[in-house]
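J.:
Number of protein chains: 2
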Amino acid sequence: MDDSDFEGLLRSADLRVTRPRLAVLRAVRRHPHADTGSLLAAVRTEEPAVSHQAVYDVLGVLSEHGIVRRIQPAGSVARYELRVGDNHHHVVCRSCGTVADVDCAVGHRPCLDASDSRGFVIDEAEVTYWGLCPSCAPTATSTSAASTH
Amino acid sequence: MDDSDFEGLLRSADLRVTRPRLAVLRAVRRHPHADTGSLLAAVRTEEPAVSHQAVYDVLGVLSEHGIVRRIQPAGSVARYELRVGDNHHHVVCRSCGTVADVDCAVGHRPCLDASDSRGFVIDEAEVTYWGLCPSCAPTATSTSAASTH
DNA sequence: ACCCCAGACTTGAACGAGTCAAGTTAGAAG
DNA sequence: CTTCTAACTTGACTCGTTCAAGTCTGGGGT
Numbered sequence: 001m002d003d004s005d006f007e008g009l010l011r012s013a014d015l016r017v018t019r020p021r022l023a024v025l026r027a028v029r030r031h032p033h034a035d036t037g038s039l040l041a042a043v044r045t046e047e048p049a050v051s052h053q054a055v056y057d058v059l060g061v062l063s064e065h066g067i068v069r070r071i072q073p074a075g076s077v078a079r080y081e082l083r084v085g086d087n088h089h090h091v092v093c094r095s096c097g098t099v100a101d102v103d104c105a106v107g108h109r110p111c112l113d114a115s116d117s118r119g120f121v122i123d124e125a126e127v128t129y130w131g132l133c134p135s136c137a138p139t140a141t142s143t144s145a146a147s148t149h
Numbered sequence: 001m002d003d004s005d006f007e008g009l010l011r012s013a014d015l016r017v018t019r020p021r022l023a024v025l026r027a028v029r030r031h032p033h034a035d036t037g038s039l040l041a042a043v044r045t046e047e048p049a050v051s052h053q054a055v056y057d058v059l060g061v062l063s064e065h066g067i068v069r070r071i072q073p074a075g076s077v078a079r080y081e082l083r084v085g086d087n088h089h090h091v092v093c094r095s096c097g098t099v100a101d102v103d104c105a106v107g108h109r110p111c112l113d114a115s116d117s118r119g120f121v122i123d124e125a126e127v128t129y130w131g132l133c134p135s136c137a138p139t140a141t142s143t144s145a146a147s148t149h
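Protein chains in written order, with the UniProt record's numbering: chain A, 1 to 149; chain B, 1 to 149.
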């Protein structure tokens with residue numbers, strides 16, 4: 001994912017290639033799962049004149065076009081990442097809020113043919129794991145028994 | 001789930017039984033998946049003097065003690081429900097934001113033994129389905145093919 | 001039955017992520 | 001080079017949620 005890749009992504013989505021957009025894409029690449037505020041700060045290290053509104057706008061259109069993915073665990077502000085369309089989920093630390101990627105267990109499509117989908121037309125199943133990250137977890141306690149809810 | 005059940009739940013969590021708390025519990029029972037504002041309005045139909053702060057406090061402690069469950073789909077405000085510990089997930093309508101319960105496919109524990117949990121100690125896996133509710137979905141289109149992400 | 005006090009509530013101000021609106025700038029097609 | 005509109009800047013604003021300080025009350029102890 002270098003700058004010419006970003007340019008291609010923008011062009012094939014019929015979006016103009018602008019300095020703010022490239023700067024936002026580079027910021028998201030450098031800071032996966034960062035929130036808008038951090039991304040704004042990161043963008044301004046290379047493009048000091050970019051407004052916060054521009055960052056919101058850019059992240060908005062990039063999400064709409066599937067170039068970045070917006071995630072928002074309960075209790076957190078919106079976060080963004082570049083990995084799209086590659087079937088992965090997220091682990092969120094209950095203590096510090098850190099987010100990490102988790103590859104989907106091979107071949108599994110969790111609960112997807114939900115017996116009763118209530119008449120909804122479902123297009124995505126999002127899985128979020130909750131727990132404690134290595135830094136926050138009490139040391140030594142090992143196994144990660146998890147329950148579905 | 002009648003009022004004496006609520007009283008029991010509170011007492012066994014070492015929480016005082018107060019009129020505001022009972023009113024909030026009744027409101028959550030009457031309005032599953034409602035946000036704080038709606039619950040406040042519902043509470044005030046029977047207890048007009050209850051402050052908004054009280055509702056926030058009550059929902060907070062009830063969540064901490066596992067008496068109610070707080071959910072917050074991306075882009076939504078916090079919502080609350082009484083069903084706890086019974087293994088169910090949620091479908092959220094992308095168009096109107098409506099939330100419905102979906103029972104977990106029997107015996108499935110989605111992606112839980114995640115091949116690589118990044119050193120996190122996981123205690124819960126939350127599944128959110130995204131799509132269109134019956135009212136918002138274009139009529140007739142039927143199948144609900146879903147992709148994991 | 002009464003007292004007492006920490007836990008629960010009221011009041012009112014404040015915070016901050018995100019949005020709205022109006023005017024200006026700059027990609028990129030012709 | 002010109003033109004047009006998508007994209008950006010600026011600045012005000014909304015609203016869900018939290019903070020802080022003071023008052024009240026459920027329920028255990030006497």
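We put the beta carbon where it would ideally sit given N, CA and C, even for glycine.
1. Which residue spans inside the stretch 20-73 of chain A form an unbroken beta strand (DSSP E) run of at least 3?
2. Using a Cβ-Cβ cut-off of 8 Å, state whether Leu132 (chain B) counts as contacting chain A.
3. Determine the burial state of Val19 (chain B): buried for a count of at least 16 other Cβ atoms within 10 Å of its Cβ, exposed for fewer.
4. Just the Cα atoms here: how many angstroms apart are Glu124 (chain B) and Asn87 (chain B)?
5. Does Tyr56 (chain B) get closer than 8 Å to chain A when you measure Cβ to Cβ?
6. Determine, using beta carbons only, whether Gly75 (chain B) and Val121 (chain A) come nearer to each other than 8 Å.
7. In chain B, which residues lie less than 9 Å from Ala137 (chain A) when you measure between Cβ atoms?
8. Does the distance from the CB of Arg11 (chain B) to the CB of Val17 (chain B) come in under 8 Å?
9. Here's a check: name, in chain order, each residue in its chain whose Cβ is nearer than 7 Å to the Cβ of Glu47 (chain A), leaving out the five neighbours to either side.
10. Using a Cβ distance threshold of 8 Å, determine whether the stretch 32-43 of chain A contacts the stretch 1-11 of chain A, with at least three qualifying pairs required.
11. Is DSSP giving Ser144 (chain A) helix, strand or coil here?
12. Who are the near neighbours of Cys133 (chain B) in its chain, counting only those whose CB is closer than 8 Å to its CB and skipping five residues on each side?
13. Please classify Pro138 (chain B) as buried or exposed, where buried requires at least 16 other C-beta atoms within 10 Å of its C-beta.
14. Secondary structure at residue 175 (chain A), three-state DSSP: helix, strand or coil?
15. With 8 Å as the threshold, decide whether the Cβ of Glu47 (chain A) is near any Cβ in chain B.
16. Measure from the alpha carbon of Phe6 (chain B) to the alpha carbon of each residue in B:His65, B:Gln53, B:Ser135, then state which is nearest.
17. To the nearest angstrom, how far is the alpha carbon of Asp35 (chain B) from that of Val102 (chain A)?
18. Can you tell me which of B:Pro73, B:His33, B:Ala13 puts its alpha carbon nearest to the alpha carbon of Val77 (chain A)?
19. By DSSP's criteria, residue 224 (chain A) is part of a beta bridge. Which residues make up the other side?
20. If you drop the 5 nearest sequence neighbours on each side, which residues of the same chain put their C-beta closer than 8 Å to that of Val68 (chain A)?
21. Going by DSSP in three states, Arg11 (chain B) sits in which element: helix, strand or coil?
22. Which residues mark the beginning and the end of the beta strand (DSSP E) in which Arg79 (chain A) is found?
23. DSSP on Asp3 (chain A), reduced to helix/strand/coil?
24. Could you name the residues that DSSP lists as bridge partners for Val121 (chain A)?
25. Below 9 Å on C-beta distance, what does Ala34 (chain B) contact in chain A?
26. Reducing DSSP to helix, strand and coil, say where Cys93 (chain B) ends up.
T.: This is what the structure holds:
1. Here the runs fully enclosed are 69-71.
2. Taking the second sequence and counting its residues from 1, one reaches residue 132 (chain B) at position 132. Output row for Leu132 (chain B): interface = yes.
3. For the purposes of this step, residue 19 (chain B) is taken as the residue at position 19 of the second sequence. The sequence given here has Arg at residue 19 (chain B), not Val. Exposed, by the Cβ-count rule.
4. The count along the second sequence starts at 1 and reaches residue 124 (chain B) at position 124. The count along the second sequence starts at 1 and reaches residue 87 (chain B) at position 87. Straight through space, the alpha carbons of Asn87 (chain B) and Glu124 (chain B) are spaced by roughly 11 Å.
5. Position 56 of the second sequence holds residue 56 (chain B). Tyr56 (chain B) does not count as touching chain A.
6. Reading the second sequence from its first residue, position 75 is the one you call residue 75 (chain B). Reading the first sequence from its first residue, position 121 is the one you call residue 121 (chain A). Not closer than 8 Å, so no.
7. Residue 137 (chain A) sits at position 137 when you count from the first residue of the first sequence. Result: Gly119, Phe120, Val121.
8. Within the second sequence, numbered from 1, the residue matching residue 11 (chain B) stands at position 11. Within the second sequence, numbered from 1, the residue matching residue 17 (chain B) stands at position 17. Yes, these two residues count as a Cβ contact at 8 Å.
9. Numbered from 1 along the first sequence, position 47 holds the residue referred to as residue 47 (chain A). Sequence-distant Cβ neighbours of Glu47 (chain A) in its own chain, meaning closer than 7 Å and more than five residues away, are Arg19, Pro20, Ala23.
10. Of all C-beta pairs linking the stretch 32-43 of chain A to the stretch 1-11 of chain A, fewer than three are shorter than 8 Å, placing the two stretches out of contact.
11. By one-based count along the first sequence, residue 144 (chain A) stands at place 144. Confidence in Ser144 (chain A) is poor, its pLDDT being 44 and thus under 50, which makes the residue's placement unreliable; the coordinate value appears in the next sentence. Coil.
12. By 1-based counting over the second sequence, the position of residue 133 (chain B) is 133. Only Val91, Cys93, Ser95, Cys96, Thr98, Ala100 meet the Cβ criterion.
13. Here residue 138 (chain B) refers to the residue found at position 138 of the second sequence. Around the CB of Pro138 (chain B), fewer than 16 other CB atoms lie within 10 Å, so the residue is classed as exposed.
14. No statement about residue 175 (chain A) is possible, as the shown extent of chain A runs from 1 to 149 and does not include it.
15. Within the first sequence, residue 47 (chain A) is the residue found at index 47, counting from 1. Cβ-Cβ to chain B under 8 Å: no for Glu47 (chain A).
16. As a first step, residue 6 (chain B) must be located in the second sequence, where it is residue number 6. Out of B:His65, B:Gln53, B:Ser135, the CA that lies nearest to the CA of Phe6 (chain B) is found in B:His65.
17. The residue labelled residue 35 (chain B) in the question sits at position 35 within the second sequence. The residue labelled residue 102 (chain A) in the question sits at position 102 within the first sequence. Cα atoms of Asp35 (chain B) and Val102 (chain A): separation of roughly 30 Å, rounded to the nearest angstrom.
18. For the purposes of this step, residue 77 (chain A) is taken as residue 77 along the first sequence, with counting starting at 1. It is B:Pro73 whose Cα lies nearest to the Cα of Val77 (chain A).
19. Past the boundaries of the shown model lies residue 224 (chain A); chain A is included only from 1 to 149, so the question cannot be answered.
20. Here residue 68 (chain A) corresponds to residue number 68 of the first sequence, with the count starting at 1. These residues qualify, in order along the chain: Leu25, Val28, Leu59, Leu62, Tyr80, Glu81, Leu82, Val84.
21. Position 11 of the second sequence, counting from 1, holds the residue named residue 11 (chain B). Arg11 (chain B): helix per DSSP, three-state reduction.
22. One-based indexing of the first sequence puts residue 79 (chain A) at position 79. It spans 79-81 - the beta strand (DSSP E) in which Arg79 (chain A) sits, taken as one unbroken run.
23. The residue given as residue 3 (chain A) occupies position 3 in the first sequence. Helix at Asp3 (chain A).
24. In the first sequence, counting from the first residue as 1, residue 121 (chain A) sits at position 121. DSSP lists B:Leu132 as the bridge partner or partners of Val121 (chain A).
25. Reading the second sequence from its first residue, position 34 is the one you call residue 34 (chain B). The contacting residues do not exist; Ala34 (chain B) stays about 16 Å from chain A at best.
26. As a position in the second sequence, residue 93 (chain B) is number 93, starting the count at 1. Here Cys93 (chain B) sits in strand by DSSP.
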